[in-house]
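In the numbering used here, the protein residues as written are 67 to 461.
Yeah, the Cβ is synthetic: ideal placement off N, Cα and C, and Gly gets one too.
Since the structure comes first, as structure tokens, the remarks are kept for the end.
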Ligand SMILES: *Cc1c(COP(=O)(O)O)cnc(C)c1O
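Okay, structure coming up:
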């Protein structure tokens, strides 16, 4: 990272790290975040995060957790999630894919080990290693590359061996990896602290993949083996190995209907906004673009100033509901970039200023998995597409 880039990240992080209400670096000054507002916001539920960590611990027989916090902690916010998870005994450390996110975790005050699962430039690697970030050994050139970084840092570099056992995405292909792994383990300037692979989430093939990782590392001092993302945490005990590496489950999302039916997790965020307009339509009046929805009889509608740019799926009009004052109301018309409209019914039972919850733990109908299903959206995107500029409150 260049000095100017680093200065930018640091100054913008200083702006987000301190108060409970925070915006990400894209909005370095946030003059409006702490006064009452009609802007939508996110609530990050610390108790739900802790609950999900306990659930993962229980499901995996107490395995240490390498918490995947890539993509801004699955949309919830690195600066909010990192400090909640860091002190928990069950959390061994954190894993990210982007170098900058590793640095942001440190700037948010996270002390535990951080693993960068992506490739980095030498210069970034030096900077990351100085901040105690572990790098992944992931290609033919790993020994040279990591050796160069270690030389510049001036002390042994903590690394994890990333083995491709069939995903075909990242890591050293397992068939060629034994001499490569032996050479890395033998180097005095590297300290191999783990070896990992990424499962394809095809149950039978996952078992084969785990077998390859185990066979490849047999007899080598590579530290803990880890492979299990949320799917394997839920469904594949043979893949739990020495440490587990979930993302989605920590935030309360389910990877499958079977996992959802077991109900062990709690969604760890709420997407909220306050009603900005309540009005009565006559029969035949429409709402939003293309008049896709028309009132068949006199009816009340309410407008929420939150839309797909904030991370609420456009497909929500296909059957999602919104919770206001303990009652559910259907989304109608179109979810536009910054607006969502709900049909309130025969009586104006909601008012301007009432708080609406579009997604959250407060009713099964607004659980992120249920909204995703009704909207024809990915459960991962219900989290990862949350707009990083939304104000976030840890509750
Ligand atoms: C994203 C990711 C995970 C976590 O996946 P979930 O399905 O969210 O639990 C684990 N390992 C790697 C390499 C990943 O990229």
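**Asked** Counting Cβ pairs closer than 8 Å, one from the region 272–281 and one from the region 309–316, do we hit at least three?
**Response** no
**Message:** Residues in the same chain with beta-carbon distance under 6 Å from residue 342, minus the five sequence neighbours each way, listed in chain order, please.
**Reply:** 104, 369 and 371
**Request:** Between the Cα of residue 260 and those of 227, 362, 412 and 212, spot the shortest distance and give me the residue it belongs to.
**Result:** 227
**Item:** residue 460 versus residue 107 - alpha carbon distance
**Value:** 11 Å
**Request:** Find out if the Cβ-Cβ distance for the pair residue 421, residue 407 is shorter than 9 Å.
**Result:** no
**Request:** With a 10 Å radius around its C-beta and 16 neighbouring C-beta atoms as the bar for buried, classify residue 268 as buried or exposed.
**Result:** exposed
**Message:** Could you check whether residue 414 and residue 336 sit closer than 9 Å to each other, using their CB atoms as the reference points?
**Reply:** no
**Message:** Please state the DSSP three-state secondary structure of residue 309.
**Reply:** strand
**Asked** Excluding sequence positions up to five away, which residues of its chain have a Cβ less than 6 Å from the Cβ of residue 363?
**Response** 349
**Asked** DSSP state of residue 238, grouped into three classes?
**Response** strand
**Message:** Measuring alpha carbon to alpha carbon, tell me which residue in 403, 277 and 323 is nearest residue 306.
**Reply:** 277
**Prompt:** What are the complete beta strand (DSSP E) segments, minimum 3 residues, inside the region 169–257?
**Reply:** 180–182, 199–203 and 223–230
**Request:** Determine the extent of the alpha helix (DSSP H) in which residue 447 is found, giving its start and end residues.
**Result:** 445–450
**Prompt:** Under the DSSP definition of a beta bridge, which residues are partnered with residue 335?
**Reply:** 110
**Request:** Assess, as a yes-or-no matter, whether the region 288–299 is touched by the region 373–391 under the definition of 3 or more beta carbon pairs within less than 8 Å.
**Result:** no
**Message:** Rounded to the nearest angstrom, what separates residue 224 and residue 242 at their Cα positions?
**Reply:** 22 Å
**Request:** Using only the heavy atoms of ligand 1, determine whether one of them is closer than 8 Å to the beta carbon of residue 163.
**Result:** yes
**Message:** Please state whether the Cβ-Cβ distance between residue 149 and residue 175 is less than 9 Å.
**Reply:** yes
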